[in-house]
Structures are given as structure tokens and as C-alpha cells.
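In what follows, a single structure is set out as C-alpha cells and then discussed.
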Amino acid sequence: MGALDSAVRAIASMRVRGAGRIARCAAEALGRHATTLHSNNVAAFRREMKAAAKKLIDARPTAVSLSNAVGLVMRAMPRKGTVEGARKAIVCASREFCKASDSAVEKVGEKGAGLVPTSGKVMTICNSSAVVSVLVHAGKAGKGFEAYACETRPKFQGRITARELARNGVPTTIIVDSASRYLFDGVKAVFVGADAVEWDGSVVNKIGTLQLAACARDFKVPFYVCAESYKFCPPSQAGARRPIEERDPREVASIPGVRVRNPVFDRTPPEMIARIITEHGAIRPRDTEIYVGKHLEGL
Ligand code: RI2
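Numbered by the working numbering, the letters in the sequence shown go through residues 24 to 322 in order.
As C-alpha cells, this is what we get:
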């Protein structure tokens with residue numbers, strides 16, 4: 024199997040997962056794919072690259088980071104000139120995206136650490152590298168909070184979070200998702216990642232996120248979303264909602280005669296979100312359109 028198809032398969036099967044990681048995996052795959060093409064001219068090269076881009080975007084439907092990453096790499100490709108020139112442009116844009124993405128995760132960590140409480144519990148769900156970055160930065164800065172990681176059925180990505188935090192010295196407790204409300208007493212803030220931030224500041228993230236937002240609202244504690252700029256829906260998607268992926272029911276259960284549903288994301292409305300922490304600083308959800316206009320122009 025070629026590098027492109029193996030990346031598509033890794034993303035679709037969730038062997039590579041997390042909105043940032045799938046974005047970087049797709050960008051890298053485009054770079055590698057460009058080096059394998061033997062197109063006779065730029066038009067043919069562009070056609071083949073476009074087909075590859077579509078395959079990658081179709082691998083998972085919800086995380087807008089995937090189509091943004093692909094879009095950012097593809098727009099570097101010239102319409103004219105030599106195949107070599109076009110190839111170089113793609114390889115270079117692919118590297119640039121991955122470098123900028125790694126640095127954005129780091130910056131979200133630095134900017135978000137200041138919002139982490141100095142004591143009490145901080146709750147999170149799933150595995151977000153942006154959230155882990157925030158909590159690890161806060162832990163290193165000497166904040167004495169304790170992280171509560173929801174295990175995140177059905178794929179248990181919360182266990183990855185728990186391992187990553189513990190490895191970095193953050194005191195961490197793992198709980199089943201349904202224990203989150205019972206154990207919410209003492210939670211001072213919730214931090215979650217994002218697969219997509221829509222034009223109005225609504226956030227699409229791992230299923231169960233909305234329940235944590237409701238707990239945060241009821242207990243009057245801030246609910247923070249950690250999202251690099253490429254998790255925001257581009258201006259071309261203003262007014263549109265991201266499709267919510269429903270995966271194979273067998274990930275949840277197989278019971279004869281019983282229908283199983285497996286939606287893997289939910290949508291938290293802007294009024295339940297205190298701030299969205301980006302690599303450019305923390306913004307209010309209602310300022311999403313302004314932010315997108317500044318940082319995702321042309322996508
Ligand atoms: P980072 C994940 O989706 C989770 O929903 C997580 O919050 C989000 O991506 C962002 O992750 P999945 O791929 O980019 O596990 O912050 O379905 O790592």
C-alpha cells in the first residue's frame with residue numbers, strides 16, 4: 024500500500040487520531056505523495072494531488088483541522104511552471120504546516136496555563152494534545168491542581184490523557200464518563216479540545232463534552248476550549264454546521280435485535296463556553312468571526 028492510502032487508512036481507523044494529529048498526518052501524507060508522482064506536466068500533477076487531497080479529507084468527516092491542513096498545503100501548489108516546482112512547493116508547505124502546528128500546540132499550552140486554577144480539580148474528556156499541553160505547562164509552573172480525566176467510551180482516549188499527564192507529573196485521576204457529575208464537586212474549571220469551532224463559536228468535540236459543559240454551567244465554573252487556529256471553520260463555511268460522525272456501532276456493543284448508535288462528537292453552544300484558547304491568545308466565542316477573518320483568510 025502506498026504512503027497516501029496508508030495515511031487514509033490510519034486516519035479512518037483512528038490509529039492516528041486527535042484533530043491536530045490527523046491534520047499533521049494528512050499534511051505529511053500530501054508531502055510524501057507529491058514525491059512519488061511521475062506526472063508529465065503541472066496540470067496532471069495538480070489533478071493527482073487533488074484526488075489525493077479528496078481521499079484524505081473524506082477519511083473523517085468532523086474535524087475541520089483535516090480539511091484546513093489539506094487546504095493550506097494544497098493552496099501552495101502553483102498553477103503553472105514545472106512539475107518539480109509544484110512538487111517542491113507541496114513538500115515545503117507540508118513541512119511548514121507540521122512545524123506551525125506543533126508550535127501552535129505549545130503556544131496554546133503557554134497561553135492556557137494562566138487560566139488553570141492553583142488548586143482543586145480540573146476536569147477533561149478524551150485526549151486533546153492542546154489540553155495536555157495546557158495542563159502540563161500549568162503543572163510545571165507549580166500549580167497544585169488535580170486532573171480528572173473522563174475515560175471516554177467507546178475508545179477510551181481518556182486513558183491516553185491520564186498516562187500523558189501522570190508521566191509529566193500532574194496528579195491525575197481517571198473516572199468513567201458517567202461519574203463526571205457525581206464527582207464534579209471541587210472542580211474549578213473544565214478544559215476540552217476541539218475538532219471544530221463553528222462560525223458562531225459553537226464547539227464540536229468528543230461525545231460527552233456537552234455534558235461537562237452543562238456541569239460547568241450548573242456549578243458555575245469556567246468551561247474552556249483549547250483550539251489552534253486550524254480547528255476553526257474557515258470563512259467559506261460561515262453559517263454551516265459540521266457533520267457529526269457516527270462510527271461503526273460495533274465499537275459500542277453487538278446485541279442481537281438491538282440497534283446501537285455511536286455518535287462520536289457533540290456540539291457545545293457558545294454561551295456555555297468561557298473562552299477559546301488559541302495560539303494567539305484566549306478569545307470569547309462571540310469573537311470567532313473576527314478571529315477567523317484574521318487567521319483563516321482565503322481558506
Ligand atoms: P487535539 C479528538 O477527536 C478529541 O475530540 C479531541 O478533543 C480533539 O480530537 C482534539 O484533539 P478523536 O480524533 O488536536 O479522538 O487537541 O475522535 O489533540
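All residues carry an ideal CB built from backbone N, CA and C; glycine is no exception.
In this text the structure is predicted, and so the values were computed from the model without any measurement.
Asked	Found
Going by other Cβ atoms of all chains shown within 10 Å of its Cβ, with 16 needed for buried, is V215 buried or exposed?	buried
Quick one, are the C-beta atoms of V193 and K166 less than 7 Å apart?	no
How big is the Cα-Cα spacing for A161 and K211?	14 Å
To the nearest angstrom, report how far apart T85 and D218 are at their CA atoms.	7 Å
Once the 5 residues before and after K103 are set aside, which same chain residues still bring their CB inside 7 Å of it?	V65
Applying the 10 Å Cβ sphere with the 16-neighbour rule, what's the burial state of P286?	exposed
Would you mind reading off the limits of the beta strand (DSSP E) that contains C173?	169-173
At the level of alpha carbons, what is the spacing between S126 and G137?	18 Å
Cβ-heavy atom distance between S90 and ligand 1 below 6 Å?	no
Could you give the first and the last residue of the continuous beta strand (DSSP E) run that contains R298?	298-301
What do you get for N91, buried or exposed, if any count of 16 or more other CB atoms within 10 angstroms of its CB means buried?	buried
Please report the distance separating the alpha-carbon of P101 from that of K78.	21 Å
Give me the Cα-Cα distance between R47 and C121, rounded to the nearest whole angstrom.	5 Å
Pick from E51, K130, G224, L206: whose alpha carbon is nearest that of Y314?	G224
From E221 to V154, what distance separates their C-alpha atoms?	19 Å
To the nearest angstrom, how far is the alpha carbon of L53 from that of V114?	8 Å
Report all residues from its chain with a CB closer than 7 Å to the CB of R83; omit the five preceding and five following residues, and keep chain order.	I34, A35, I45, L89, E268
Do the region 188-202 and the region 105-119 make contact, defined as three or more Cβ pairs closer than 8 Å?	no
In the DSSP assignment, what residue or residues form a beta bridge with C249?	I300
In chain order, which alpha helix (DSSP H) runs of at least 4 residues are fully inside the region 209-260?	232-241
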